[in-house]
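Chemist:
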Amino acid sequence: MKIVIIGGVAGGASAAARARRLSEKAEILLLQSGPDVSFASCGMPYFIGNEITDRKSMAVQTPESLHRTLNIEVRVLSTVTDIKTDEKTITVRNDAKSEVYTEAYDHLILAVGAAPFKPPIPGIDRPGLFSLRNLQDMDQIYAWIEKKQKELGDGDMHCVVAGAGFIGLEMVEQLVHRNMNVTLVEAMPQIMGPIDVEMAAILHRDLEAHGVDVIVNDPIASFVEAPNDPESSILTLKSGKVLPAAQLTILGLGVRPDTDVIKQAGIEVTPRGHIVVDETLHTSATDVWAVGDAVEIINPILDEKWAVPLAGPANRQGRMVADNIFLETKRKYKGTWGVSIVRSFELYAACVGLNEKLLKAKGLPYSVVHIHPNDHAGYYPGAEKVHLKLIFDPKSGKIYGAQIVGKAGVDKRIDVIATAMQGNLTVEDLAELELSYAPPTGSAKDAVNYAGMAAQNTVEGLVSQVQWTELETLASDPSTVILDVRNPGEIEGNGPLVPTALNIPLGELRSRLNEVPRDKKVVVSCASGQRAYYACRILKQNGFPDVQNLAGAFMTTSFGRQTTAYVL
């Protein structure tokens with residue numbers, strides 16, 4: 001059997017390695033258009049920022065190492081220009097030798113990945129503008145920074161990062177670490193699109209605290225040569241705002257599937273260019289499989305197709321395709337949940353599943369809880385807040401998604417929730433999970449338990465909630481009273497929730513129930529949510545007919561309000 005794999009990195013290299021472990025006799029040929037077959041693409045920003053210093057470590061595997069350990073033939077600088085699925089052949093252009101040849105296959109695996117999106121903005125091909133897809137891009141950016149810092153001096157270089165997704169935030173952090181002045185420009189109304197606006201606002205505020213100029217909801221309109229400096233660019237935004245001359249611009253404007261050759265071969269793709277596969281990752285063509293960033297796969301929450309360019313799913317898909325070629329029992333890909341995390345200075349932001357934006361677009365009913373517990377026991381030194389948003393079905397308690405921002409423990413908690421979702425657990429199950437506890441690492445009631453309990457209270461009707469986006473409307477409604485159960489000193493130090501809020505500290509509420517109107521809707525808030533829930537239970541059990549809790553209380557509301565750039 002002869003297996004030809006187009007593309008290495010995550011999916012292709014995993015498929016090749018697994019295929020060899022399953023068959024010593026198979027002929028395995030891996031073709032890579034660039035000079036590197038398997039490299040640490042997710043680590044490239046950290047090399048540029050000097051956090052990773054060993055350049056050799058960025059090449060995870062070489063053609064020589066793959067041939068030596070796995071007897072896999074690897075041809076780099078080899079671009080596939082044509083696929084004939086009826087003849088089971090491909091045409092390859094070897095860029096190093098300037099030759100073109102035909103190669104036959106028994107099974108073809110497409111691991112072509114995604115290419116940086118480069119919109120037709122005037123001046124986008126100017127010097128000093130870079131995308132970051134491979135190690136050659138990384139080396140060029142690193143060399144450009146070294147050159148410019150020598151010319152300008154330390155601290156005088158201005159950089160623009162266009163696009164505030166994962167790569168954009170990682171590059172911002174690393175450029176600041178290299179003592180550069182950084183502007184982050186995002187065309188959408190918020191940074192970090194996979195999470196919702198009030199969670200993204202935490203990152204936004206932190207970026208500004210680190211000296212980053214953050215501009216949202218304002219696409220780049222043009223790049224022009226800076227006066228007296230042909231290697232710097234003046235960026236003009238759609239609003240007309242003109243940025244200072246930038247000596248470096250990183251284009252992190254998203255990716256698109258690199259599937260032009262696949263389309264030409266007649267293999268089915270979506271309107272956006274993603275390869276269509278069945279549950280075994282087989283394409284519409286006989287004995288042709290596809291994995292990785294270019295593939296559209298199942299969203300298991302919605303039971304619909306989506307595309308998620310992540311390294312973890314690509315690796316697992318590559319392994320699965322090799323299994324399905326060699327093993328009698330065909331493995332079925334269960335879908336991608338979109339578990340992801342990014343570090344931005346001291347903060348980590350992680351998410352899984354669906355966000356509110358997508359649920360609203362789908363018209364699905366959902367509920368949300370916001371909690372703000374400590375990452376470990378509060379009495380143990382160094383405790384930091386973890387901001388956790390849990391989204392779920394208001395009737396069944398099915399978990400739709402979660403978002404977490406904090407300094408510590410973010411990764412383990414998003415992984416627990418992601419595992420729970422993949423095991424079809426509900427919010428009630430989250431409340432009952434047995435998780436490890438020691439004062440330096442967690443609490444006896446972990447943040448995951450706490451989120452599950454808060455959601456369970458909502459599902460079971462112990463409390464009803466309103467969201468921070470509803471507060472201004474409710475505050476102006478004469479039939480509603482906003483009750484703030486914080487202590488007066490907290491309000492003086494942090495500001496009022498709304499100017500008209502009634503303030504009765506939780507400890508005084510039972511003795512002052514007569515001050516709360518019984519003929520109005522009562523919306524209760526505190527600092528982070530726990531005392532407001534207690535207050536809701538007191539009011540409901542004392543006969544107040546319409547009591548609602550402000551989800552996430554003052555803390556979540558302040559995040560959502562903290563920048564006027566965010567418009568829902």
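Every letter in the sequence shown is one number past the one before it in the UniProt record's numbering, and letter 361, counting from 1, is 361. We put the CB at the ideal spot given by N, CA and C, even for glycine.
1) How is P365 classed by DSSP in three states: helix, strand or coil?
2) In three-state terms, what does DSSP make of I6?
3) From what residue to what residue does the alpha helix (DSSP H) around T473 run?
4) In the DSSP output, what is T480 paired with across the bridge?
5) Grouping DSSP H, G and I as helix and E and B as strand, with all else coil, what is C351?
6) By alpha-carbon positions, which one of K88, A162 and A245 ends up nearest to N217?
7) Select from I90, G49, K520 and D303 the residue whose C-alpha is nearest the C-alpha of L31.
8) Give the single residue among V212, D156, I325 and W144 whose Cα lies nearest to the Cα of Y105.
9) On the three-state DSSP scale, how would you describe V448?
10) For M1, is the classification buried or exposed, using 16 other Cβ atoms within 10 angstroms of its Cβ as the cut-off for buried?
11) Closer than 7 Å by C-beta to P440: which residues in its own chain qualify, once you throw out the five before and the five after it? Chain order, please.
12) Quick check on the burial criterion: 16 or more other C-beta atoms within 10 angstroms. Buried or exposed for K360?
13) Whole-angstrom Cβ separation of L358 and M320, contact assumed at under 8 Å?
14) I think L77 touches P35, with their Cβ atoms under 8 Å apart; what is that distance to the nearest whole Å?
15) If you draw a straight line from the alpha carbon of R75 to that of I297, how long is it in whole angstroms?
16) I'd like to confirm the pairing. Which residues does DSSP put opposite E73 in its beta bridges?
17) Please state whether the Cβ-Cβ distance between L522 and L539 is less than 8 Å.
18) Would you kindly report the start and end of the unbroken alpha helix (DSSP H) that includes R21?
19) Assess contact between the region 400 to 418 and the region 434 to 453, defined as three or more Cβ pairs (one per stretch) separated by less than 8 Å. Is contact present?
20) Closer than 8 Å, CB to CB, is D206 near chain C or not?
21) Do you know offhand how far I5's Cα is from T283's?
22) Classify L550 as helix, strand or coil using the three-state DSSP reduction.
23) Once DSSP output is grouped into helix, strand and coil, what is the label at P230?
24) Rounded to whole angstroms, what is the Cα-Cα separation between N487 and A455?
25) Apart from the five residues just before and just after Y437, which ones in its own chain have a Cβ nearer than 6 Å to its Cβ?
26) In the DSSP assignment, find the unbroken beta strand (DSSP E) run with D429 in it and report its ends.
27) Can you tell me whether DSSP reads R319 as helix, strand or coil?
28) Only counting the same chain, and skipping five residues up and downstream in sequence, which positions put a Cβ closer than 6 Å to that of A350?
29) State the Cα-Cα distance for the pair H204 and T183, rounded to the nearest angstrom.
30) If you compare alpha carbons, which of E490, L135 and A265 is closest to S57?
31) Quick one: complete alpha helix (DSSP H) runs, 4+ long, within the region 283 to 329?
32) Identify every residue that forms a DSSP beta bridge with I52.
33) Tell me the rounded alpha-carbon separation between L237 and R18.
34) To the nearest angstrom, how far is the alpha carbon of G12 from that of I109?
35) Tell me the DSSP secondary structure of A143 in three-state form.
36) Here's the rule I'm using: 16 or more other beta-carbon atoms within 10 Å means buried, otherwise exposed. How should F117 be labelled?
Modeler: Answer, in terms of the structure:
1) The count along the sequence shown starts at 1 and reaches residue 365 at position 365. Coil, per DSSP.
2) Residue numbering aside, residue 6 sits at position 6 when the sequence shown is read from its first letter. I6 falls in the strand class under three-state DSSP.
3) Along the sequence shown, one-based indexing puts residue 473 at 473. It spans L471 to A475 - the alpha helix (DSSP H) in which T473 sits, taken as one unbroken run.
4) Translated into positions along the sequence shown, residue 480 becomes position 480. Paired residue(s): K521.
5) The sequence position of residue 351 within the sequence shown is 351, counting from 1. Three-state DSSP puts C351 in a strand.
6) The residue given as residue 217 occupies position 217 in the sequence shown. For the residues K88, A162 and A245, the minimum Cα distance to N217 belongs to A162.
7) Against the sequence shown, residue 31 aligns to sequence position 31. Among I90, G49, K520 and D303, the Cα nearest to that of L31 belongs to I90.
8) As a first step, residue 105 is located in the sequence shown; it is residue number 105 there, counting from the start. Ranking V212, D156, I325 and W144 by Cα distance to Y105 puts I325 first.
9) Along the sequence shown, read from residue 1 onward, the residue named residue 448 stands at position 448. Correct three-state label for V448: helix.
10) The sequence position of residue 1 within the sequence shown is 1, counting from 1. It counts as exposed.
11) Working through the sequence shown from its first residue, we reach residue 440 at position 440. Only H376 and Y380 meet the Cβ criterion.
12) Taking the first residue of the sequence shown as position 1, residue 360 is located at position 360. The residue is exposed, with fewer than 16 neighbouring Cβ atoms inside 10 Å.
13) Along the sequence shown, one-based indexing puts residue 358 at 358. Along the sequence shown, one-based indexing puts residue 320 at 320. About 26 Å; that fails the 8 Å criterion.
14) One-based indexing of the sequence shown puts residue 77 at position 77. One-based indexing of the sequence shown puts residue 35 at position 35. Sure, about 6 Å apart at Cβ, within 8 Å.
15) Taking the first residue of the sequence shown as 1, we reach residue 75 at position 75. Taking the first residue of the sequence shown as 1, we reach residue 297 at position 297. Approximately 29 Å between the Cα atoms of the pair.
16) As a working note, residue 73 is residue 73 in the sequence shown. E73 is bridged to L29.
17) By one-based count along the sequence shown, residue 522 stands at place 522. By one-based count along the sequence shown, residue 539 stands at place 539. The amino acid at residue 522 is misidentified as Leu; the sequence shows Val. A contact, by the Cβ cut-off of 8 Å.
18) Within the sequence shown, numbered from 1, the residue matching residue 21 stands at position 21. G11 to L22 is the extent of the alpha helix (DSSP H) around R21.
19) yes
20) In summary, chain C is missing from the structure at hand, where a single protein chain is found.
21) Looking up residue 5 in the sequence shown gives position 5. Looking up residue 283 in the sequence shown gives position 283. Their backbone Cα atoms lie some 14 Å apart in a straight line.
22) As a position in the sequence shown, residue 550 is number 550, starting the count at 1. In this structure, L550 counts as strand in the three-state DSSP scheme.
23) Your numbering for residue 230 matches position 230 in the sequence shown. In the structure shown, P230 sits in a strand (DSSP, three-state: E or B).
24) Indexing the sequence shown from 1 puts residue 487 at position 487. Indexing the sequence shown from 1 puts residue 455 at position 455. Distance between the alpha carbons of N487 and A455 is about 26 Å.
25) Residue 437 sits at position 437 when you count from the first residue of the sequence shown. A444, listed in sequence order.
26) Position 429 of the sequence shown, counting from 1, holds the residue named residue 429. Taken as a continuous stretch (DSSP letters only), D429 belongs to no beta strand (DSSP E), being part of the alpha helix (DSSP H) at V427 to E432.
27) Along the sequence shown, read from residue 1 onward, the residue named residue 319 stands at position 319. Three-state DSSP puts R319 in a helix.
28) On the sequence shown, position 350 is the one that residue 350 refers to. I341, I404, V410 and I414, listed in sequence order.
29) Residue 204 sits at position 204 when you count from the first residue of the sequence shown. Residue 183 sits at position 183 when you count from the first residue of the sequence shown. So the alpha carbons of these two residues sit roughly 12 Å apart.
30) Taking the sequence shown and counting its residues from 1, the one referred to as residue 57 is at position 57. Selected option, being the one with the closest Cα: L135.
31) 311 to 326
32) Here residue 52 is taken as the residue at index 52 of the sequence shown, counted from 1. Per DSSP, none; premise fails for I52.
33) Against the sequence shown, residue 237 aligns to sequence position 237. Against the sequence shown, residue 18 aligns to sequence position 18. Going by the C-alpha atoms only, they are around 48 Å apart.
34) Sequence index remark: in the sequence shown, residue 12 carries index 12 (1-based). Sequence index remark: in the sequence shown, residue 109 carries index 109 (1-based). In a straight line, the C-alpha of G12 is about 7 Å away from that of I109.
35) Indexing the sequence shown from 1 puts residue 143 at position 143. DSSP places A143 in helix when its eight states are reduced to three.
36) Here residue 117 refers to the residue found at position 117 of the sequence shown. Label assigned to F117: exposed.
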